[in-house]
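Undergrad: Below is the structure I would like to discuss, written out as structure tokens.
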Amino acid sequence: MVGFGWRKPANVAGTSAPAILLSLFVATGGLLFGYDTGSINGILAMESFKKDFTTGYFDKEGVPGMYPSQVSLIVAMLSAGTMVGALISAPIGDLWGRRLSLIAALGVFCVGAIFQVCATNVALLVIGRTLAGIGVGVVSVLVPLYQSEMAPKWVRGTLVCAYQLSITAGLFAAAGVNILTHNMKGAAAYRIPIGLQLTWAVVLALGLLILPETPRYLIKRGYKDAAALSLSRLRRLDITHPALIEELAEIQANHEYELALGPDTYKDIFFGEPHLGRRTLTGCGLQMLQQLTGVNFIMYYGTDFFQKGGVDDPYLITLIMQIINMVSTLPGLFVVESWGRRRLLIVGAAGMAICQLLIASFATANGSNSETQSRILIIFVAIYIFFFAASWGPVVWVVTSEIYPLKVRAKSMSVSTASNWLLNFGIAYGTPYMVDTNRIEGSRSIDLGSRIFFLWGAFCILSIAFVWFMVYETSKISLEQIDEMYERVDHAWNSRRFEPSWSFQQMRDFGFSDSGIPPQEPQLELQQSRSSESQSETGGSSTNTATTSSQDDKLPIPIGHVDFSY
Ligand SMILES: OC[C@H]1O[C@](O)(CO)[C@@H](O)[C@@H]1O
17 MVGFGWRKPA NVAGTSAPAI LLSLFVATGG LLFGYDTGSI NGILAMESFK
67 KDFTTGYFDK EGVPGMYPSQ VSLIVAMLSA GTMVGALISA PIGDLWGRRL
117 SLIAALGVFC VGAIFQVCAT NVALLVIGRT LAGIGVGVVS VLVPLYQSEM
167 APKWVRGTLV CAYQLSITAG LFAAAGVNIL THNMKGAAAY RIPIGLQLTW
217 AVVLALGLLI LPETPRYLIK RGYKDAAALS LSRLRRLDIT HPALIEELAE
267 IQANHEYELA LGPDTYKDIF FGEPHLGRRT LTGCGLQMLQ QLTGVNFIMY
317 YGTDFFQKGG VDDPYLITLI MQIINMVSTL PGLFVVESWG RRRLLIVGAA
367 GMAICQLLIA SFATANGSNS ETQSRILIIF VAIYIFFFAA SWGPVVWVVT
417 SEIYPLKVRA KSMSVSTASN WLLNFGIAYG TPYMVDTNRI EGSRSIDLGS
467 RIFFLWGAFC ILSIAFVWFM VYETSKISLE QIDEMYERVD HAWNSRRFEP
517 SWSFQQMRDF GFSDSGIPPQ EPQLELQQSR SSESQSETGG SSTNTATTSS
567 QDDKLPIPIG HVDFSY
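In the working numbering, the protein residues as written are 17 to 582.
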């Protein structure tokens, strides 16, 4: 039976509260992501903005404004910046640490925002948008990375989901600010929505100044004492506490073991061991498919789409969709641990595909727009957004922050997040050509109208297969145990039944060579479901009962073993 909510294993040492609070605070970095991608449309439409940025162009009605190419540049440079930001996040995240890199990124974001507020010409505005984009790009990688390296395993997925919740809150805030400010009088009114983005960036950067670096990053750099200190702050345990020593030893042993299997260069994230290519492909595939669900078609062009679908108040309906998007993230956040990542992704993709195929078929069957038709359109788009927000929105971030080993985590996450931004950009710029012949004058475009939902639906069906074959179930086990799972479970569809057999520290104690390479490959018996009731009753994987078929007589079976690995 599937349960709901969270269950902290009874015998976990220390407290989880500081790590949870801190992770929730850092999650709010998503506000900048959502606000920045959502606010530009409204700002461009403001009268005060148009007045200040008249560059000698007149539209068909003779209204002065900016050249379309300038508008495109202003919009596009944020996306270009985010891609650059996502790509540089790995080298800086590995060099300066997750925390300092985030602070630096927020600094760059603030400089970008100040440029935009003070801009008196298009060039300054473009520079400002590019810098803000770089900041957002780094934040989009390092926030979920920082969270997953900090979070206790029994609530890790939920905490990373809170990041997506912040993204949706940012999108909603942008829509709200656009509505409140679009009629504002005053020469500099447009500077208000631009300036607002500064506030949270400053609060977040100041907060990060006093937060600890992640213990896993410190272990990666060889700063063992600092790692112990950081972990003791997170768990409220003395640095001499056996649980703390054990957890650090496990992280370190696992890291050394992963390094012994192969190097950690960019080439290795595609071709290296253990199974890094498969893992990077999973992350990139999920991030791209998340965009190919078409969600940003509604986020960016919803108003226009509803207007053409005969909806009376398209602005209001778009705002309602934003609210549904934000509120529906909560059920996902609530069940991500108990249902698991795979199930949520598969159910979500199936739900979206059904709605999308209905929207598209309905549009094909009925040429004209009646009131009933527009109502049906609204209802199915709303259900589609619900499914997205409860599943693919948050869970993609969760999985991509969990599946990589420490040695390449920042690199692989940066590449997979960059692929999200690339598709985000492609859809933002490509879809107008696919749905509206009038929007882009002189361009060769195809008018798919609502039939574009056939395309999104097809990608959602593909997503179901992708999850089934590629995505390993990562709930309820530590990041180190996820590494073990990738080594011992051959097929993603079997991963739910994986039970961590022993900690890497125990493996070492039991006679692994110093290089960390096991003397022989043990075969894990996949006999007990990780999601079974009995297991959650006893508090997760705390009592390791799994044994190996070939080494039953030799391997220690830790009875009543305290689960040190969060
Ligand atoms: O909630 C919708 C938003 O979520 C994202 O897919 C990120 O996870 C954004 O690209 C989109 O605007």
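Just so it is clear, CB atoms sit at the ideal spot from N, CA and C, and this is done for glycine as well. Everything numeric in this text was worked out from a predicted model, so none of it was measured.
1) Tell me the DSSP secondary structure of tyrosine 73 in three-state form.
2) Is the beta carbon of glycine 113 less than 7 Å from the beta carbon of tyrosine 233?
3) Can you name, in chain order, every residue of its own chain whose Cβ lies under 6 Å from the Cβ of isoleucine 208, other than the five neighbours on each side?
4) Taking the C-alpha atoms as reference points, what is the distance between threonine 230 and serine 246?
5) In whole angstroms, what is the alpha-carbon distance linking serine 32 and valine 171?
6) Ligand 1 and glycine 409: does the residue's C-beta get closer than 6 Å to at least one heavy atom of that ligand?
7) Determine the closest residue to lysine 324 out of Ile56, Leu147, Glu387 and Ile340, with distance taken between C-alpha atoms.
8) Counting contacts by CB-CB distance shorter than 7 Å, is phenylalanine 41 in contact with chain B?
9) What do you reckon, is the C-beta of threonine 334 under 6 Å from a heavy atom of ligand 3?
10) Which whole-angstrom value describes the C-beta separation of glycine 149 and leucine 94, a residue pair presumed to lie in contact below a C-beta threshold of 8 Å?
11) Report, in whole angstroms, the separation of the C-beta atoms of leucine 439 and methionine 304, which I expect to be a contact under 8 Å.
12) Going along the chain, which residues of its own chain have a beta-carbon closer than 6 Å to the beta-carbon of serine 390, five neighbours each way excluded?
13) Which parts of the region 370-442 are runs of the alpha helix (DSSP H), unbroken and 4 residues or longer, counting only runs that do not cross its ends?
14) How close, in whole Å, do the beta carbons of leucine 60 and valine 87 come, if the pair is a contact with beta carbons under 8 Å?
15) Please list the segments of the alpha helix (DSSP H) lying wholly inside the region 183-253, counting only runs of 4 or more residues, in order along the chain.
16) If contacts are defined as beta-carbon pairs under 8 Å, then glutamine 398 and methionine 315 qualify, I think. What distance do you get, rounded to the angstrom?
17) Just reading off the alpha helix (DSSP H) that glutamate 500 is part of, what are its end residues?
18) Use the C-beta contact count for glycine 72: other C-beta atoms within 10 angstroms, 16 or more gives buried, fewer gives exposed.
19) Report buried or exposed for histidine 507, applying the criterion of at least 16 other Cβ atoms within 10 angstroms of its Cβ.
20) By the three-class DSSP mapping on this structure, what secondary structure does proline 80 have?
21) State the CB to CB distance for the pair lysine 423 and glutamate 274, rounded to an integer number of angstroms; the pair is presumed to be in contact (CB under 8 Å).
22) Using a Cβ-based criterion (distance less than 6 Å to any ligand heavy atom), does threonine 416 qualify as near ligand 1?
23) My understanding is that methionine 99 touches alanine 444, with C-beta atoms under 8 Å, so please give their C-beta distance in whole angstroms.
24) Let me confirm a value: asparagine 312 is counted as buried when at least 16 other C-beta atoms fall within 10 Å, else exposed. Which label applies?
25) Near isoleucine 195, what residues of its chain come up, given a Cβ to Cβ distance below 6 Å and the 5 sequence neighbours on each side ignored?
26) Buried or exposed: which applies to alanine 35, given that a residue is buried once 16 or more other Cβ atoms fall within 10 Å of its Cβ?
27) Please report the straight-line C-alpha distance between leucine 373 and tyrosine 317, rounded to a whole angstrom.
28) If the criterion is Cβ atoms closer than 7 Å, does the pair alanine 376 and serine 479 meet it?
29) Helix, strand or coil: which one does DSSP assign to histidine 257?
30) For leucine 260, I'd like the list of residues in its chain whose CB is within less than 7 Å of its CB, leaving aside the five on either flank, ordered along the chain.
31) Indicate, with yes or no, if ligand 1 has a heavy atom lying under 6 Å from the CB of valine 424.
32) Quick check: the Cα distance between arginine 272 and arginine 504, rounded to an integer number of angstroms?
33) If I follow the unbroken alpha helix (DSSP H) through alanine 129, where does it start and stop?
34) Just mark phenylalanine 125 as buried or exposed, buried being the case when its beta carbon has 16 or more other beta carbons within 10 Å.
35) Given a threshold of 16 other Cβ atoms within 10 Å of its Cβ, counted over all protein chains shown, does glutamate 77 qualify as buried or as exposed?
TA: Taking the structure as given:
1) strand
2) yes
3) Thr197
4) 7 Å
5) 9 Å
6) yes
7) Glu387
8) The chain labelled as chain B is not found in the depicted structure, where only one protein chain is given.
9) Ligand 3 is not part of the structure shown, which contains ligand 1 as its ligands.
10) 4 Å
11) 5 Å
12) Cβ-Cβ distances below 6 Å link serine 390 to Gly325, Gly326 and Val327 in the same chain, with the five nearest sequence neighbours on each side left out; the list follows chain order.
13) As summarised for the region 370-442, the continuous alpha helix (DSSP H) elements at least 4 residues long and confined to that stretch are 387-406 and 408-418, given in chain order.
14) 6 Å
15) 207-226, 231-236 and 240-251
16) In the sequence as presented, glutamine is not what sits at residue 398; that position holds alanine. Between methionine 315 and alanine 398 the Cβ distance is about 14 Å, and since that is not below 8 Å, they are no contact.
17) 495-504
18) exposed
19) Histidine 507 comes out exposed.
20) strand
21) 5 Å
22) No, Cβ of threonine 416 sits at least 6 Å from all heavy atoms of ligand 1.
23) In fact, because the Cβ distance is near 12 Å, the residues do not count as touching under 8 Å.
24) buried
25) none
26) buried
27) Near 19 Å, if we compare the C-alpha coordinates of tyrosine 317 and leucine 373.
28) no
29) coil
30) Ala244, Leu247, Ser248, Arg251 and Leu253
31) Not so, every heavy atom of ligand 1 lies at least 6 Å from the Cβ.
32) This sequence places glutamate at residue 272; arginine is not what is there. Cα to Cα, the separation comes out at about 18 Å.
33) 114-134
34) buried
35) exposed
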